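Data block below; observations after.
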Amino acid sequence: MTATPDSIQELRKTVARLRAPDGCPWDRAQTHQSLADCLIEECVELLDTIDRKDTAHMLEELGDVLLQVVMHAQLAEESGHFDFARVAGEVNDKLIRRHPHVFGDAKAGNPEEALSRWEAIKATEKNNNGKPDSIFGGIPPRLPALLYARDVFKKMGKNGLTDDSLLNSSKLKTLAEPLNEGLAGAMLFELAAACRLAKIDPESALRRYTNRLIEKIESADDK
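Quick note on our numbering: the sequence shown kicks off at 71 and runs consecutively.
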């Protein structure tokens with residue numbers, strides 16, 4: 071198919087037609103909740119093409135992820151909450167707001183400075199929305215446990231919370247020094263396999279440990 075400037079609008083019309091009273095029974099039966107697993111599956115399939123550097127199939131998988139966005143926007147429009155145009159407008163406004171070094175007079179000389187500015191603006195927005203002021207507040211709690219733990223550790227490092235009272239820093243350095251992608255993959259696989267033998271769910275175990283670590287840090291901050 072040849073892409074045109076109207077391709078997005080054509081996709082929106084197709085999804086709306088599928089959801090129409092005389093549309094597809096399956097599409098008409100879907101809700102935000104019923105589509106949640108589909109969204110996760112499509113994102114995982116996209117990540118697989120990225121890992122394999124398979125740009126030919128990445129095109130298809132990006133389309134499947136976009137379909138999920140358009141479908142959720144269609145459901146929201148039908149219920150009178152928002153539409154696809156507002157979704158696009160919101161994210162466009164956020165990109166401009168969080169890049170004052172591109173669209174304003176601020177400066178960012180490297181990727182680290184740009185990311186730091188983004189996170190500082192994001193934290194201000196979250197606080198203005200009445201959300202709890204927590205160093206972990208920006209981490210989606212439904213991330214896969216491994217990504218969740220990684221992001222929590224990243225926040226801990228940025229806030230000077232990697233001392234031995236919370237983590238064995240010398241052990242971490244010893245583990246990290248010889249580490250490469252192949253060795254990390256082997257270690258993670260062996261740990262997952264060992265959990266299977268021990269009848270432990272590694273996803274739940276890691277998530278619970280990470281949450282206990284967050285609770286320990288936040289309870290100490292409250293004292």
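We put the CB at the ideal spot given by N, CA and C, even for glycine.
It should be emphasised that the depicted structure is a prediction, and the values quoted were computed from it without experimental measurement.
Within 10 Å of its beta-carbon, does residue i have 16 or more other beta-carbons around it, so buried, or fewer, so exposed?
i      : result
Ala99  : exposed
Ala143 : buried
Ile120 : exposed
Leu231 : buried
Gly200 : Low per-residue confidence applies at Gly200: pLDDT is 47, beneath 50, and the placement is therefore not dependable, though the value from the model is reported in the following sentence. Exposed is the call here.
Ile284 : buried
Glu288 : exposed
Val85  : buried
Val222 : buried
Met257 : exposed
Phe173 : exposed
Phe154 : buried
Output yes or no for whether 7 angstroms exceeds the beta carbon distance between residue i and residue j.
i      : j      : result
Leu276 : Ala184 : no
Asp134 : Glu160 : no
Lys224 : Ile205 : no
Leu137 : His102 : no
Tyr218 : Thr125 : no
Glu130 : Leu116 : no
Arg55  : Asp97  : Since the first and last residues shown for the chain are 71 and 293, residue 55 lies out of range.
Ala262 : Pro272 : yes
Val140 : Leu81  : yes
Using alpha carbons as the reference points, say which of the options lies closest to residue i.
i      : options                           : result
Thr79  : Cys94, Ala106, Ile110 and Ala158  : As written in the sequence, residue 79 is Gln, which differs from the Thr given in the question. The shortest Cα separation from Gln79 among Cys94, Ala106, Ile110 and Ala158 belongs to Ala158.
Asn229 : Ala254, Ser186 and Asn180         : Ser186
Lys286 : Leu236, Lys177, Glu147 and Ser149 : Leu236
Lys164 : Asp118, Ile191 and Asn180         : Ile191
Give a yes or no on whether the minimum CB-CB distance between residue i and chain B is below 7 angstroms.
i      : result
Ile166 : Judged by its chain identifiers, the structure shown contains no chain B, having just a single protein chain.
Tell me whether the region 188 to 197 and the region 161 to 168 touch, counting them as touching only if at least three CB pairs, one residue from each stretch, are closer than 8 angstroms. These segments touch.
Complete runs of the beta strand (DSSP E) confined to the region 146 to 178 [at least 3 residues]
If we require 3 residues or more, the region 146 to 178 turns out to have no beta strand (DSSP E) run fully inside it.
What alpha helix (DSSP H) runs, 4 residues minimum, are completely inside the region 212 to 240? Here the runs fully enclosed are 215 to 228.
Handout entry: alpha helix (DSSP H) runs wholly inside the region 119 to 148, at least 4 long, in chain order
Key = Those alpha helix (DSSP H) runs which fall completely within the region 119 to 148 and span 4+ residues are 125 to 148.
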